[in-house]
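Inspection log for the structure reproduced underneath, given as structure tokens.
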């Protein structure tokens, strides 16, 4: 079993970023929403996130976007 580096629990709806780091979908969305940086980065290595994530996840701070379990905001789901 893999562990999310944010919540330290077993990955739930895991998402792999282009840099290779993997997070729970909810943890990644929450981390992006909390950042004040106009260009959010991977919570682990600070690699820039794809533009689609920056625009889609920051559009609503109170209501995170709802996405398909298989495709989320231009990043790679782990299935």
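Numbering (our numbering), first residue to last: 278 to 356.
In this text, a Cβ means the ideal position worked out from N, Cα and C, and glycines have one as well.
Where residue 315 falls, given that 16 or more other Cβ within 10 Å makes a residue buried: By the C-beta density criterion, residue 315 is exposed, having fewer than 16 other C-beta atoms within 10 angstroms.
First through last residue of the beta strand (DSSP E) which encompasses residue 292: Start and end: 291–293.
Beta carbon of residue 308 nearer than 8 Å to that of residue 283: In terms of Cβ geometry, residue 308 and residue 283 form a close pair [threshold 8 Å].
Alpha helix (DSSP H) segment containing residue 304, residue limits: Annotation: the continuous alpha helix (DSSP H) that includes residue 304 extends over 302–311.
Euclidean distance between Cα positions of residue 305 and residue 278: Near 18 Å, if we compare the C-alpha coordinates of residue 278 and residue 305.
Neighbourhood of residue 332 by C-beta distance below 8 Å, restricted to the same chain and skipping five residues each side: Annotation note: pLDDT 43 at residue 332 (below 50); position unreliable, no value reported.
Cβ-Cβ distance between residue 300 and residue 320 below 8 Å: Against a cut-off of 8 Å, the Cβ pair of residue 320 and residue 300 comes out as a contact.
Per-residue burial, residue 294 [other beta carbons within 10 Å of its own, 16 or more giving buried]: Taking all protein chains shown into account, residue 294 has 16 or more neighbouring C-beta atoms within 10 Å of its C-beta and is therefore buried.
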